[in-house]
Amino acid sequence: GNSVTQMEGPVTLSEEAFLTINCTYTATGYPSLFWYVQYPGEGLQLLLKATKADDKGSNKGFEATYRKETTSFHLEKGSVQVSDSAVYFCALRKEAGSYQLTFGKGTKLSVIP
Amino acid sequence: DAMVIQNPRYQVTQFGKPVTLSCSQTLNHNVMYWYQQKSSQAPKLLFHYYDKDFNNEADTPDNFQSRRPNTSFCFLDIRSPGLGDAAMYLCATSRSPLDNEKLFFGSGTQLSVL
Numbered sequence: 009g010n011s012v013t014q015m016e017g018p019v020t021l022s023e024e025a026f027l028t029i030n031c032t033y034t035a036t037g038y039p040s041l042f043w044y045v046q047y048p049g050e051g052l053q054l055l056l057k058a059t060k061a062d063d064k065g066s067n068k069g070f071e072a073t074y075r076k077e078t079t080s081f082h083l084e085k086g087s088v089q090v091s092d093s094a095v096y097f098c099a100l101r102k103e104a105g106s107y108q109l110t111f112g113k114g115t116k117l118s119v120i121p
Numbered sequence: 003d004a005m006v007i008q009n010p011r012y013q014v015t016q017f018g019k020p021v022t023l024s025c026s027q028t029l030n031h032n033v034m035y036w037y038q039q040k041s042s043q044a045p046k047l048l049f050h051y052y053d054k055d056f057n058n059e060a061d062t063p064d065n066f067q068s069r070r071p072n073t074s075f076c077f078l079d080i081r082s083p084g085l086g087d088a089a090m091y092l093c094a095t096s097r098s099p100l101d102n103e104k105l106f107f108g109s110g111t112q113l114s115v116l
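Each protein sequence line maps, in turn, to chains A and B.
For what it's worth, my numbering labels the leading residue of the first sequence as 9, then goes sequentially.
For what it's worth, my numbering labels the leading residue of the second sequence as 3, then goes sequentially.
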């Protein structure tokens with residue numbers, strides 16, 4: 009079956025540090041890949057996505073590249089801010105038209121001033 | 003401005019006492035989903051409605067039911083909550099199943115079972 013594995017948290021960084029949150033997946037075919045973010049007290053919201061190999065998703069300074077050869081979709085940001093403190097979820101959709109999203113367990117990020 | 007609203011934010015129930023969680027949306031989306039998220043685990047899809055069509059996931063326990071009386075509202079009923087049902091319950095919507103990555107989530111209801 010499909011699965012998503014994220015690095016264990018929590019992750020604590022100082023402001024302006026470089027961020028990487030690792031995500032690898034297991035799926036047949038050509039899944040679409042996503043990163044969701046959940047700020048404290050709020051629902052999950054889509055941060056970025058990539059729908060085919062070598063695509064790069066980007067938003068709010070965050071980037072992730074769909075690497076089929078390593079089945080990875082690592083999230084990166086060059087300089088984090090306190091406001092980036094949240095829980096980040098990697099997810100995949102097996103195929104276009106599928107309603108089923110498979111989430112990772114989430115990685116909590118805390119950014120300290 | 004909240005588009006997907008879940009009430010209450012925190013719900014406490016007793017072991018075996020039926021409980022209902024509610025979700026409403028102002029987006030007029032066709033699809034509404036219920037996810038269960040246990041502590042330190044991934045959100046897990048329980049079921050979804052596409053308009054009035056109910057779609058249950060194969061491994062969702064019979065203890066969990068859902069109702070969608072109209073486009074705006076969807077309810078999650080837990081008939082006999084057990085201690086293992088304590089979790090965050092997330093409601094989400096999408097315009098159609100085809101663009102379900104652009105899910106709009108509510109802020110969730112944290113359910114405690116005593």
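Even for Gly, the Cβ is constructed at its ideal location relative to N, Cα and C.
Out of the options, point me to the one whose CA is closest to residue i's CA.
i, options, result
"H50(B)", "M5(B), C93(B), V14(B)", "C93(B)"
"G37(A)", "G9(A), D92(A), L55(A)", "G9(A)"
"M5(B)", "F107(B), L113(B), T111(B), Q112(B)", "F107(B)"
"L116(B)", "K19(B), N32(B), Q38(B)", "K19(B)"
"L117(A)", "L55(A), T13(A), I29(A), V12(A)", "I29(A)"
"K1(B)", "P71(B), C25(B), T95(B)", "An answer regarding residue 1(B) cannot be provided, because it is not within the stretch 3 to 116 covered by chain B."
"Q13(B)", "R97(B), N58(B), P99(B), M90(B)", "M90(B)"
"T59(A)", "G49(A), G51(A), W43(A), Y47(A)", "W43(A)"
"L29(B)", "R11(B), L105(B), A44(B)", "L105(B)"
"P10(B)", "L47(B), S26(B), Q16(B)", "S26(B)"
"L55(A)", "A61(A), D63(A), N67(A)", "N67(A)"
"G86(B)", "F56(B), A44(B), P99(B), L113(B)", "L113(B)"
"R75(A)", "T20(A), G112(A), E24(A), A35(A)", "A35(A)"
"P83(B)", "K46(B), F66(B), K40(B)", "F66(B)"
Would you verify that the beta carbon of residue i is, or is not, closer than 8 Å to some beta carbon of chain B?
i, result
"Q53(A)", "yes"
"F26(A)", "no"
"K102(A)", "no"
"K68(A)", "no"
"K60(A)", "no"
"F81(A)", "no"
"E50(A)", "yes"
Counting only beta-carbon separations shorter than 8 Å, does residue i have a partner in chain A?
i, result
"S109(B)", "yes"
"K104(B)", "yes"
"V6(B)", "yes"
"Q43(B)", "yes"
Our contact map puts residue i next to residue j with C-beta atoms below 8 Å; I'd like the distance itself, whole angstroms only.
i, j, result
"R69(B)", "D79(B)", "7 Å"
"G69(A)", "Y96(A)", "Wrong, their Cβ atoms sit about 13 Å apart, outside the cutoff."
"C31(A)", "V19(A)", "In fact, because the Cβ distance is near 13 Å, the residues do not count as touching under 8 Å."
"G112(A)", "A44(B)", "6 Å"
Just to confirm before moving on: does the CB-CB distance between residue i and residue j stay below 8 Å?
i, j, result
"T22(B)", "F77(B)", "yes"
"V45(A)", "Q89(A)", "no"
"Q8(B)", "T111(B)", "yes"
"T110(A)", "A94(A)", "no"
"S109(B)", "G17(A)", "no"
"R101(A)", "P39(A)", "yes"
"L27(A)", "E71(A)", "no"
"R81(B)", "H31(B)", "no"
Would you say residue i reaches chain E, if we count a Cβ-Cβ gap shorter than 8 Å as a contact?
i, result
"G114(A)", "Absent from the structure is chain E; the protein chains it does hold are A and B."
Would you mind listing the beta strand (DSSP E) stretches within the region 16–101 of chain A that are 3+ residues and don't spill past its ends, in chain order? Entirely contained in the region 16–101 of chain A, the beta strand (DSSP E) runs reaching 3 residues are, in chain order, 19–22, 27–29, 31–34, 40–46, 53–58, 64–67, 70–73, 83–85, 94–101.
For the region 41–82 of chain B, list the alpha helix (DSSP H) runs that are entirely contained and at least 4 residues long, ordered along the chain. List check, alpha helix (DSSP H) in window: nothing returned.
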